[in-house]
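**Student:**
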Amino acid sequence: MLSFTDATELLGRYGKNEAWTRHCLAVARVAAKLSCTLRSVVDGRLLVVGALLHDIGRYRTQDPILHGVEGYRLLSSLGHPREAFICASHVLCGMPAQEAVQYGLPDRDFLPLTLEERLIPLIDGVVEFDQPTTFDQRCRSISRRYQGNPAFLKRFETAAETARCQLRKLQDEYGISLEQVAKQTLCGDAAPARS
């Protein structure tokens, strides 16, 4: 598994200080904060490194789905299968095999199974560029950005509902509001993340 230092170097090499890398850094900061809160149940290094690299495929495309595919291809080619899986599975909260092959991924499920894999798209969903936001605001922003892509939006609506259920589960099981963690981490809000 990649170290944080190696992942940061990869992000710098492929991101070349593009604007999207600031989003990756912000998502990783929230992941780091969350890993402290959930240290007994998550692999903090995987969570932070996965968050840092989740959008690395944007070095090749800004497509809402294909950036995950490109990240998967890049990290797989570099010998980092766990991080590669996170790139592919964070898109739309995961894809079953029949959908994955349509985008050029191997014929297997790319569904987030571990807590770390499930948390990364949720954290991504409460960070707009490099600022905290609510999940619903982020969904509205994505819907506006891709309003000319009805096929994506239909699939996105399903993924958003899946994410809402997972956010509620995180709240119920761990007493954590991910929106509050993002706000506290990225704005320095002193409000507690647990409710």
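Per this note's numbering, residue 38 is the first one in the sequence shown, and the count goes up by one each step. Built from N, CA and C at the ideal position, the CB exists for glycine as well. Please read these numbers as outputs of a predicted model, since none were measured by experiment.
Does the beta-carbon distance from V64 to A88 come in below 7 Å?
**Tutor:** Taking the sequence shown and counting its residues from 1, one reaches residue 64 at position 27. Taking the sequence shown and counting its residues from 1, one reaches residue 88 at position 51. Cβ distance < 7 Å, so V64 and A88 count as in contact.
**Student:** Using the three-state DSSP reduction, which class does Q174 fall into: helix, strand or coil?
**Tutor:** Sequence index remark: in the sequence shown, residue 174 carries index 137 (1-based). Of the three classes helix, strand and coil, the one that applies to Q174 here is helix, per DSSP.
**Student:** When you measure from the CB of T199 to every non-hydrogen atom of the ligand ADP, does any distance come out below 6 Å?
**Tutor:** No copy of the ligand ADP appears in this structure; indeed no ligand is present at all.
**Student:** Whole angstroms is fine: what's the gap from R145's alpha carbon to P118's?
**Tutor:** Here the question's residue 145 lines up with position 108 in the sequence shown. Here the question's residue 118 lines up with position 81 in the sequence shown. Looking at the two C-alpha atoms, the distance is approximately 14 Å.
**Student:** Helix, strand or coil: how does DSSP classify L129 here?
**Tutor:** The residue labelled residue 129 in the question sits at position 92 within the sequence shown. If DSSP states are grouped into helix, strand and coil, L129 belongs with the helices.
**Student:** In terms of alpha-carbon separation, which member of R181, Q217 and L48 lies closest to V164?
**Tutor:** Residue 164 sits at position 127 when you count from the first residue of the sequence shown. Nearest option by C-alpha distance: Q217.
**Student:** Whole angstroms is fine: what's the gap from A197's alpha carbon to S40's?
**Tutor:** In the sequence shown, counting from the first residue as 1, residue 197 sits at position 160. In the sequence shown, counting from the first residue as 1, residue 40 sits at position 3. Here the alpha carbons of S40 and A197 stand approximately 31 Å from one another.
**Student:** Going by Cα to Cα distance, which pick from R95, A200, G185 and F122 is closest to T171?
**Tutor:** In the sequence shown, counting from the first residue as 1, residue 171 sits at position 134. It is A200.
**Student:** Whose CA, out of L62, I123 and S77, lies closest to the CA of L112?
**Tutor:** Position 75 of the sequence shown, counted from the first residue, corresponds to residue 112. L112 has its Cα closest to that of I123, out of L62, I123 and S77.
**Student:** If contact is defined by three or more beta carbon pairs under 8 Å, each pair taking one atom from either stretch, is the segment 144-162 in contact with the segment 182-193?
**Tutor:** For the pair of segments examined, the segment 182-193 was found not to touch the segment 144-162: the number of CB pairs separated by less than 8 Å stays below three.
**Student:** Would you give the residue range spanned by the alpha helix (DSSP H) that G81 belongs to?
**Tutor:** One-based indexing of the sequence shown puts residue 81 at position 44. Counting along the chain, the alpha helix (DSSP H) containing G81 begins and ends at G81 to L90.
**Student:** My parser needs the alpha helix (DSSP H) runs of 4 or more residues fully inside the segment 138-216; what are they?
**Tutor:** 152-161, 172-182 and 187-211
**Student:** To the nearest angstrom, report how far apart V86 and A188 are at their CA atoms.
**Tutor:** One-based indexing of the sequence shown puts residue 86 at position 49. One-based indexing of the sequence shown puts residue 188 at position 151. Distance between the alpha carbons of V86 and A188: 31 Å.
**Student:** Buried or exposed, going by whether 16 or more other CB atoms sit within 10 Å of the CB of L47?
**Tutor:** Numbered from its first residue, the sequence shown carries residue 47 at position 10. Buried.
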